Amino acid sequence: MSTLLALDTATEACSVALLHDGKVTSHYEVIPRLHAQKLLPMIQQLLADAGTTLQAVDAIAFGRGPGAFTGVRIAIGVVQGLAFALDRPVLPVSNLAVLAQRAYREHGVSQVAAAIDARMDEVYWGCYRETAGKMRLVGAEAVLPPEVAALPDDASGDWFGAGTGWGYGERIAVNLSGSDAGMLPHAEDLLTLARFAWERGEAIPADDAQPVYLRDKVATPKAR
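Numbered according to full-length UniProt numbering, the sequence shown terminates at residue 224, and the numbering increases by one at each position without gaps.
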């Protein structure tokens, strides 16, 4: 039976989850700007609580973005460091997909418009539908002004809004059955999506782990 470790630091939340001996355990904290200090101790505690070690891990999953530039880089750095040391593959997972999966787990909704506040008056946007317990992307992920966000052309039925991008809800011309603008990605849901990817043989070498920012211009250098 596979042992999978998942971690996410792409937003204000820092979370880790572990699948071991068929059981899932997780730890989740909203700790802005403390991810770098807290992540490794959280992983060590999670493994200790499960009575296992890093050496037992078959693959490491991570939130590959979109999200905060620094947060995504922290995840990539830690994942690559661990994966290189252990000689294990990695499983990148979209943070928008993780949000949609959390909405499905917590609210039982099967169609989710996931939105993360991208700053600069924009949102990271992706629409998802549930199939056999997995939230699947419909169309493409994008970064765009709230006014431009829209459901897929073939959209019908009820849609749920998940994520901090819905703080711009008054500017998004989408009718929802409900929403949670405070929802952040959780490693437990990242782990669920990673399990599907692992079973499909989609793990990749740590060398190939890349962040996804969606925005070409991710930072403006300060004048010296």
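Note that beta-carbon positions come from the ideal geometry of N, C-alpha and C, so glycine has one too.
Quick caveat, the model's predicted, so the values are computed rather than measured.
From the options, residue whose alpha carbon lies closest to that of residue i
i, options, result
"VAL112", "ALA197, VAL143, ALA150, PRO146", "ALA150"
"ALA197", "ILE60, ALA56, ARG119", "ILE60"
"ALA97", "ALA140, LEU86, ARG88", "ALA140"
"ASN95", "VAL174, PRO66, HIS35, GLY178", "PRO66"
"ASP121", "ASP158, THR164, ARG88, PRO89", "THR164"
"ALA36", "THR53, LEU18, VAL57, VAL79", "VAL79"
"THR52", "HIS20, ALA68, ASP58", "HIS20"
"PRO211", "PHE62, VAL24, LYS23", "PHE62"
"ALA68", "THR11, ALA83, ASN175, GLY182", "THR11"
"HIS107", "ALA203, HIS27, ALA142, ASP180", "ASP180"
"ALA155", "LEU137, GLY167, TRP166, GLY133", "LEU137"
"GLY167", "GLU199, GLY71, LEU191, ARG119", "ARG119"
"THR70", "VAL57, LEU34, ASP58", "LEU34"
"GLU199", "ARG105, LEU86, VAL30, ASP58", "ASP58"
"THR192", "ALA48, LYS38, TYR104", "TYR104"
Inter-residue Cα distance where the pair is residue i and residue j
i, j, result
"ASP189", "ARG102", "6 angstroms"
"SER2", "PRO32", "32 angstroms"
"GLN44", "ARG64", "21 angstroms"
"ALA13", "GLY178", "22 angstroms"
"GLU170", "LEU99", "20 angstroms"
"ALA50", "LYS23", "9 angstroms"
"GLY182", "GLY161", "10 angstroms"
"ARG88", "MET42", "20 angstroms"
"LEU40", "GLY126", "30 angstroms"
"VAL109", "THR131", "11 angstroms"
"GLY81", "LEU54", "12 angstroms"
"TYR28", "LYS134", "21 angstroms"
"SER15", "PRO152", "30 angstroms"
"residue 231", "ASP158", "Nothing about residue 231 can be read from this structure; the chain reaches only from 1 to 224."
"VAL93", "GLY201", "14 angstroms"
"residue 243", "TYR128", "Outside the displayed range of the chain (1 to 224) lies residue 243, so it cannot be described from this structure."
"residue 266", "VAL30", "Because the chain spans 1 through 224 in this model, residue 266 falls outside it and cannot be assessed."
"ALA56", "ALA48", "12 angstroms"
"LYS38", "VAL174", "37 angstroms"
"ILE172", "ALA142", "14 angstroms"
Whole-number beta carbon distance between residue j and residue i, since they are thought to touch under 8 angstroms
i, j, result
"LEU214", "TYR124", "6 angstroms"
"LEU46", "ALA194", "Wrong, their Cβ atoms sit about 15 angstroms apart, outside the cutoff."
"ALA209", "ALA17", "Going by Cβ atoms, the distance from ALA209 to ALA17 rounds to 18 angstroms, so no, they are not a contact pair."
"PHE84", "ALA203", "In fact, because the Cβ distance is near 14 angstroms, the residues do not count as touching under 8 angstroms."
Distance cut-off 7 angstroms: residue i Cβ against heavy atoms of the ligand PLP
i, result
"VAL24", "The model depicted lacks the ligand PLP and carries no ligand whatsoever."
(message) If contact is defined by three or more beta carbon pairs under 8 angstroms, each pair taking one atom from either stretch, is the region 108-125 in contact with the region 133-151?
(response) The region 133-151, when compared against the region 108-125, does touch it at the 8 angstroms Cβ threshold.
(request) Could you tell me whether the region 70-87 touches the region 4-19, where touching means 3 or more Cβ pairs closer than 8 angstroms? (result) Flag = yes, the region 70-87 and the region 4-19 touch.
(message) To test your reading of the DSSP string, which unbroken alpha helix (DSSP H) runs of 4 or more residues are found completely within the UniProt domain "Gcp-like" (30-147)?
(response) For the alpha helix (DSSP H) assignment, the uninterrupted runs of no fewer than 4 residues enclosed by the UniProt domain "Gcp-like" (30-147) are, from N- to C-terminal side, 35-50, 69-86, 95-107.
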